[in-house]
Amino acid sequence: MNEAKKSIKEQRIIDATEQVFSKVGFLNAKMEDIASEAGITKVTLYSYFQSKENLQLAVTHRALQLLIDKYYNHLNAYKDQSGLESTLAIFQLFIDFCENNFLYSEALLAYFELIRSTSHGLHTMKLTDGVKESVYFRKMQDIQNLPFKLTVQEIERGKKDGSIRPDIDPMLATLSAWTASIGYIKVLAATGKNIKPLFNVDLETLKALQLKTAGDLLRKPE
Numbered sequence: 000m001n002e003a004k005k006s007i008k009e010q011r012i013i014d015a016t017e018q019v020f021s022k023v024g025f026l027n028a029k030m031e032d033i034a035s036e037a038g039i040t041k042v043t044l045y046s047y048f049q050s051k052e053n054l055q056l057a058v059t060h061r062a063l064q065l066l067i068d069k070y071y072n073h074l075n076a077y078k079d080q081s082g083l084e085s086t087l088a089i090f091q092l093f094i095d096f097c098e099n100n101f102l103y104s105e106a107l108l109a110y111f112e113l114i115r116s117t118s119h120g121l122h123t124m125k126l127t128d129g130v131k132e133s134v135y136f137r138k139m140q141d142i143q144n145l146p147f148k149l150t151v152q153e154i155e156r157g158k159k160d161g162s163i164r165p166d167i168d169p170m171l172a173t174l175s176a177w178t179a180s181i182g183y184i185k186v187l188a189a190t191g192k193n194i195k196p197l198f199n200v201d202l203e204t205l206k207a208l209q210l211k212t213a214g215d216l217l218r219k220p221e
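Residue numbering for the sequence shown follows numbering that gives the first Met the number 0, beginning at 0 and increasing consecutively.
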């Protein structure tokens, strides 16, 4: 089989994996279920993906690549706007991405928890064989920091154009926004969009407050 046909089949398997993970979750998913969803035999599935961990990382890589593509499209759309406007829109973009793609946001959170708990994959004793042998794990490591770097880039641009305070640490501000967004997404994932889970607080109001807080933190006083 040539590389083009192999790649197409691999993508179809990842599509099927997403369907199964969405229905039953990663822990309950079985390789035979994924093979059935993809319309192939389990033997064929294993010839492409040797473990369920490898499939999960393939989904995660697709999620991160999609997010990065959105970031680049955003940078192009906001190139004539201030660094502050672009940065706040990036924060909004990330939250919207997670809201609209729960499977992808869960996959990304699981990956970054794995990275944190294994010191960026250096503590290999904590990694399963499926993860260590996954080409997608290596691919993820190559691009995992790009969303942070692109956000930092826009904050630095805002400092130069005068729309963002000069004393702001770009990476610290990026991580602050990231952790706030993750907290919001975890609450949303656990409760659903139409529920007021915390002291009867509407989640849309909470999101708006987070974005306003970020703006107040970054904005240069007039």
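Where is the CB? At the ideal position from N, CA and C, for every residue including glycine.
Computed from a predicted model, the values in this text were never measured in an experiment.
Residue i and residue j closer than 8 Å at C-beta
| i | j | result |
| --- | --- | --- |
| Leu56 | Gln143 | no |
| Ile94 | Tyr183 | yes |
| Val19 | Glu2 | no |
| Gly161 | Thr86 | no |
| Ile12 | Val58 | no |
| Ile167 | Ile181 | no |
| Leu83 | Ile163 | yes |
| Leu210 | Gln49 | no |
| Val151 | Pro169 | yes |
| Leu65 | Ile33 | no |
| Lys41 | Met30 | yes |
| Lys69 | Phe96 | yes |
| Ser133 | Glu9 | no |
Per DSSP, cross-strand counterpart(s) of residue i
| i | result |
| --- | --- |
| Ile142 | Beta-bridge pairing links Ile142 to no other residue. |
| Arg156 | None; Arg156 has no bridge partner. |
| Arg218 | Ile163 |
Range covered by the alpha helix (DSSP H) that runs through residue i
| i | result |
| --- | --- |
| Lys131 | Asp128 to Lys131 |
| Tyr70 | Lys51 to Ala76 |
| Ser81 | Careful: Ser81 lies outside any alpha helix (DSSP H) and carries neither H nor E. |
| Thr117 | No alpha helix (DSSP H) holds Thr117; DSSP gives it neither H nor E. |
| Met30 | Met30 to Ala37 |
| Asp168 | Element bounds for Asp168: n/a, residue is neither H nor E. |
| Thr16 | Glu2 to Asn27 |
| Lys41 | Lys41 to Tyr47 |
Of the residues the options, the one placed nearest residue i, counting alpha carbons only
| i | options | result |
| --- | --- | --- |
| Ile7 | Tyr47, Val23 and Asn75 | Tyr47 |
| Leu187 | Leu171, Thr117 and Asn100 | Asn100 |
| Tyr135 | Val151, Ala106 and Ser162 | Ala106 |
| Arg61 | Leu205, Thr16, Leu149 and Ala172 | Thr16 |
| Trp177 | Leu54, Lys148 and Gly24 | Lys148 |
| Leu113 | Leu126, Tyr103 and Leu216 | Leu126 |
| Arg218 | Arg137, Ala189, Leu102 and Ser81 | Ser81 |
Status (buried if at least 16 other CB within 10 Å, exposed otherwise) for residue i
| i | result |
| --- | --- |
| Ala28 | buried |
| Lys139 | In the sequence on display, residue 139 carries Met and not Lys. Buried is the call here. |
| Tyr45 | exposed |
| Thr173 | buried |
| Val130 | buried |
| Leu171 | exposed |
| Ala76 | exposed |
| Pro146 | buried |
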